[in-house]
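Asker: Below you'll find the structure I mean.
In my numbering, the protein residues as written are 173 to 285.
Now the structure itself:
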(Lines of atoms letter the chains of each structure in order from A and count residues from 1; the text may use other names and numbers.)
(Lines give C-alpha, C1' and ligand atoms only; values in the text may rest on other atoms or scores of the structure.)
Protein backbone atom coordinates (compact mmCIF):
# COMPACT_ATOMS: atom_id res chain seq x y z
CA UNK A 1 0.00 0.00 0.00
CA UNK A 2 1.31 3.44 -0.88
CA UNK A 3 0.47 6.87 0.51
CA UNK A 4 -0.22 9.67 -1.95
CA UNK A 5 -1.58 13.16 -2.22
CA UNK A 6 -2.63 13.45 -5.83
CA UNK A 7 -5.64 15.31 -7.19
CA UNK A 8 -8.44 13.22 -8.74
CA UNK A 9 -11.74 14.16 -10.34
CA UNK A 10 -14.75 12.49 -8.73
CA UNK A 11 -18.34 12.42 -9.93
CA UNK A 12 -20.79 11.62 -7.14
CA UNK A 13 -24.32 10.28 -6.98
CA UNK A 14 -27.04 12.47 -5.48
CA UNK A 15 -26.35 10.71 -2.17
CA UNK A 16 -22.75 11.97 -2.22
CA UNK A 17 -21.17 8.58 -2.94
CA UNK A 18 -18.41 8.47 -5.54
CA UNK A 19 -19.56 6.89 -8.83
CA UNK A 20 -16.87 7.76 -11.36
CA UNK A 21 -13.21 8.68 -10.95
CA UNK A 22 -10.83 10.30 -13.39
CA UNK A 23 -7.23 9.60 -12.44
CA UNK A 24 -4.03 9.74 -14.50
CA UNK A 25 -6.01 10.54 -17.69
CA UNK A 26 -8.13 7.38 -17.29
CA UNK A 27 -11.81 7.02 -16.48
CA UNK A 28 -12.93 4.50 -13.86
CA UNK A 29 -16.32 3.44 -12.56
CA UNK A 30 -17.00 2.39 -8.98
CA UNK A 31 -17.80 -1.34 -9.16
CA UNK A 32 -18.66 -2.07 -5.50
CA UNK A 33 -20.40 -0.24 -2.68
CA UNK A 34 -17.96 2.46 -1.45
CA UNK A 35 -17.15 2.68 2.26
CA UNK A 36 -16.91 6.00 4.12
CA UNK A 37 -15.29 6.91 7.43
CA UNK A 38 -13.60 9.87 9.08
CA UNK A 39 -9.98 10.17 10.24
CA UNK A 40 -8.59 12.74 12.63
CA UNK A 41 -6.15 15.13 10.99
CA UNK A 42 -3.35 17.21 12.49
CA UNK A 43 -5.04 20.52 11.75
CA UNK A 44 -2.77 22.47 14.08
CA UNK A 45 0.16 21.63 11.77
CA UNK A 46 -1.67 22.28 8.49
CA UNK A 47 -3.62 25.42 9.47
CA UNK A 48 -2.28 28.65 10.91
CA UNK A 49 -5.41 29.07 13.02
CA UNK A 50 -8.90 27.69 13.48
CA UNK A 51 -11.50 30.35 12.65
CA UNK A 52 -14.33 30.66 15.17
CA UNK A 53 -17.27 28.42 14.28
CA UNK A 54 -15.34 26.02 12.06
CA UNK A 55 -15.36 22.37 12.92
CA UNK A 56 -16.58 20.14 10.12
CA UNK A 57 -13.63 19.37 7.89
CA UNK A 58 -11.13 21.06 10.18
CA UNK A 59 -10.65 18.23 12.65
CA UNK A 60 -11.62 15.21 10.56
CA UNK A 61 -11.01 14.06 6.98
CA UNK A 62 -13.81 12.34 5.08
CA UNK A 63 -12.29 9.19 3.56
CA UNK A 64 -13.91 6.96 0.93
CA UNK A 65 -12.58 3.50 -0.02
CA UNK A 66 -13.61 2.70 -3.56
CA UNK A 67 -13.12 -0.29 -5.82
CA UNK A 68 -12.71 0.72 -9.43
CA UNK A 69 -12.56 -0.77 -12.88
CA UNK A 70 -11.37 1.08 -15.93
CA UNK A 71 -14.32 2.05 -18.15
CA UNK A 72 -12.86 0.79 -21.42
CA UNK A 73 -11.54 -2.53 -20.10
CA UNK A 74 -14.85 -4.44 -19.95
CA UNK A 75 -16.35 -6.69 -17.25
CA UNK A 76 -13.17 -8.78 -16.77
CA UNK A 77 -11.07 -5.70 -15.99
CA UNK A 78 -8.70 -5.74 -13.05
CA UNK A 79 -10.16 -4.10 -9.93
CA UNK A 80 -8.13 -1.53 -8.02
CA UNK A 81 -8.87 -0.21 -4.54
CA UNK A 82 -8.19 3.41 -3.64
CA UNK A 83 -8.77 5.57 -0.58
CA UNK A 84 -9.90 9.08 -1.48
CA UNK A 85 -10.19 12.10 0.78
CA UNK A 86 -12.66 14.93 0.20
CA UNK A 87 -11.82 18.39 1.53
CA UNK A 88 -15.14 19.56 2.93
CA UNK A 89 -14.39 23.26 2.54
CA UNK A 90 -13.41 23.24 -1.13
CA UNK A 91 -15.03 19.99 -2.30
CA UNK A 92 -11.71 18.90 -3.85
CA UNK A 93 -10.76 15.21 -3.91
CA UNK A 94 -7.30 13.72 -3.45
CA UNK A 95 -5.92 10.21 -3.76
CA UNK A 96 -4.69 9.14 -0.35
CA UNK A 97 -3.84 5.41 -0.64
CA UNK A 98 -3.54 2.70 -3.26
CA UNK A 99 -4.11 -0.79 -1.90
CA UNK A 100 -2.34 -3.85 -3.26
CA UNK A 101 -4.68 -6.48 -4.66
CA UNK A 102 -4.80 -9.94 -3.09
CA UNK A 103 -2.85 -12.53 -5.09
CA UNK A 104 -5.08 -14.11 -7.73
CA UNK A 105 -3.48 -17.52 -7.19
CA UNK A 106 -4.22 -17.73 -3.46
CA UNK A 107 -4.58 -21.31 -2.20
CA UNK A 108 -7.74 -22.21 -0.35
CA UNK A 109 -7.13 -23.69 3.18
CA UNK A 110 -8.44 -27.20 2.21
CA UNK A 111 -6.24 -27.27 -0.90
CA UNK A 112 -3.08 -26.65 1.13
CA UNK A 113 -3.39 -29.97 3.03
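Even glycine gets a Cβ: it sits at the ideal position worked out from N, Cα and C.
Please go through the same chain and pick out, in chain order, the residues whose beta-carbon is closer than 6 Å to the beta-carbon of residue 249, but skip the five residues on each side of it.
Answerer: Taking the first residue of the chain shown as 1, we reach residue 249 at position 77. Closer than 6 Å at the Cβ level, and outside the excluded window around residue 249, lie 241 and 242.
Asker: For residue 286, which of helix, strand or coil comes out of DSSP?
Answerer: Only positions 173 to 285 of the chain appear in this structure, which leaves residue 286 out of reach.
Asker: If you draw a straight line from the alpha carbon of residue 141 to that of residue 208, how long is it in whole angstroms?
Answerer: No information on residue 141 is available, as it lies outside the stretch 173 to 285 that the chain covers here.
Asker: Within 10 angstroms of the Cβ of residue 264, are there 16 or more other Cβ atoms? Answer buried if so, exposed if not.
Answerer: Position 92 of the chain shown, counted from the first residue, corresponds to residue 264. Under this definition residue 264 is an exposed residue.
Asker: Got a sec? Which residues, its chain only, sit under 6 Å from residue 189 by beta carbon, not counting five neighbours each side?
Answerer: Indexing the chain shown from 1 puts residue 189 at position 17. Counting only Cβ-Cβ distances below 6 Å, and skipping sequence neighbours, we find 206.
Asker: Can you tell me whether DSSP reads residue 183 as helix, strand or coil?
Answerer: On the chain shown, residue 183 is found 11 positions in, with the first residue counted as 1. Here residue 183 sits in strand by DSSP.
Asker: Thinking C-beta only, is residue 210 closer than 7 Å to residue 186?
Answerer: Residue numbering aside, residue 186 sits at position 14 when the chain shown is read from its first letter. Residue numbering aside, residue 210 sits at position 38 when the chain shown is read from its first letter. Their beta carbons are not under 7 Å apart, which means residue 186 does not touch residue 210 by this criterion.
Asker: Please report the straight-line C-alpha distance between residue 204 and residue 194, rounded to a whole angstrom.
Answerer: Counted from its first residue, the chain shown places residue 204 at position 32. Counted from its first residue, the chain shown places residue 194 at position 22. Rounded to whole angstroms, residue 204 to residue 194 spans 17 Å at the Cα level.
Asker: Buried or exposed for residue 212, going by 16 or more other Cβ atoms inside 10 Å?
Answerer: Reading the chain shown from its first residue, position 40 is the one you call residue 212. Burial call: exposed.
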